[in-house]
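Counting in my numbering, the sequence shown runs from 13 upward without gaps.
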Amino acid sequence: MIFKEKEVCLIFLFVKNKIIMPSSAIKRFKFEKEIFNILSCICAVCHRIRYLPDGRGPNIIGAFTKTVILVQCLESVLKLERLLSNFPKDTIGILVASSKNKFNYSAIERVRTSEYNIILTDKKHLCPDLIQFSTNRRSQTPLNLDFNFKLAASFSVIIIFLLIFQIIKILFKSYTYTYTFKQIFS
């Protein structure tokens with residue numbers, strides 16, 4: 013874990029087509045939105061990913077100087093490394109916290125010894141850290157910019173498919189637990 017405090021379990025309640033979220037979920041949603049707004053100013057392509065099952069995947073995916081970036085807000089280094097293993101080697105992973113003091117020693121050491129390109133930063137230093145990291149790291153073969161747009165478009169299609177799948181799954185669960193066949197036709 014990258015945090016010194018314990019994580020808060022988030023529970024969403026569905027009441028008459030409205031979602032009631034605890035304050036911690038609202039804070040996390042606002043924080044992700046702020047990070048997205050910051051990145052969308054400097055990135056050619058930037059997408060928020062909100063509908064992956066079980067919270068897997070990055071919160072934000074984008075392209076910066078022809079390199080794919082994956083942003084996780086308030087997650088662990090291990091989860092980000094697992095995620096980066098599915099992408100090209102030059103992909104940059106970014107862990108963003110509200111303050112740099114939120115990262116503990118083991119998270120910093122894990123990033124230092126990692127084989128992946130990972131940045132630990134906060135909202136205030138996100139842009140300078142990303143620019144500094146991308147200019148100071150080893151030279152890379154440039155990607156075609158069209159590839160980044162196609163990559164982002166393919167991720168959008170995958171996200172939409174997963175969203176539809178999750179909605180269907182929720183609908184079937186609610187109907188199977190609400191009514192039985194006998195109750196409907198009796």
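Glycine is no exception: its CB is placed at the ideal position from the N, C-alpha and C atoms.
If you run the structure through DSSP and keep just helix, strand and coil, what is residue i?
| i | result |
| --- | --- |
| Phe145 | helix |
| Lys162 | Caution is warranted here: a pLDDT of 46 is assigned to Lys162, below 50, making its placement in the model unreliable, and the coordinate value is therefore given only provisionally. Helix. |
| Pro154 | Only weak support exists for where Pro154 lies, its pLDDT of 32 falling under 50; the value from the coordinates is given anyway. Looking at Pro154 - three-state DSSP - the assignment turns out to be coil, as it is neither helix nor strand. |
| Ile179 | helix |
| Cys139 | helix |
| Ile171 | helix |
| Phe76 | strand |
| Thr133 | strand |
| Cys85 | strand |
| Ile61 | coil |
| Asn49 | helix |
Cutting at 6 Å between CB atoms, please list the residues of its own chain near residue i, excluding the five before and the five after it.
| i | result |
| --- | --- |
| Ile180 | none |
| Leu132 | Leu107, Phe115, Val123 |
| Asp134 | Ala109, Ser111, Lys112 |
| Asn160 | Residue placement at Asn160 cannot be trusted, given a pLDDT of 41 that sits under 50; what the coordinates show is reported in the next sentence. Val57, Ala75. |
| Asp141 | Ile131, Thr133 |
Are the CB atoms of residue i and residue j nearer to each other than 9 Å?
| i | j | result |
| --- | --- | --- |
| Leu138 | Ile73 | no |
| Gln84 | Pro100 | no |
| Ile130 | Gly105 | yes |
| Val123 | Asp102 | no |
| Leu82 | Leu92 | yes |
| Phe43 | Ser110 | yes |
| Cys53 | Ala75 | no |
| Ile61 | Ile171 | yes |
| Leu96 | Tyr117 | no |
With a threshold of 8 Å (Cβ to nearest heavy atom), would residue i be considered close to the ligand SAM?
| i | result |
| --- | --- |
| Ile131 | Absent from the structure shown: the ligand SAM. Ligands present: none. |
Kindly list the residues whose CB is nearer than 7 Å to the CB of residue i, restricted to its own chain and excluding five residues on each side of it in sequence; keep chain order.
| i | result |
| --- | --- |
| Thr77 | Ser146 |
| Glu46 | Lys135 |
| Lys39 | none |
With a CB to CB cut of under 8 Å and the five nearest residues on each side skipped, what residues in its chain are close to residue i?
| i | result |
| --- | --- |
| Ser126 | Val89, Glu93 |
Completely contained beta strand (DSSP E) runs for the stretch 87-130, where each covers 3 or more residues: Counting only runs of 3 or more, we get 104-109.
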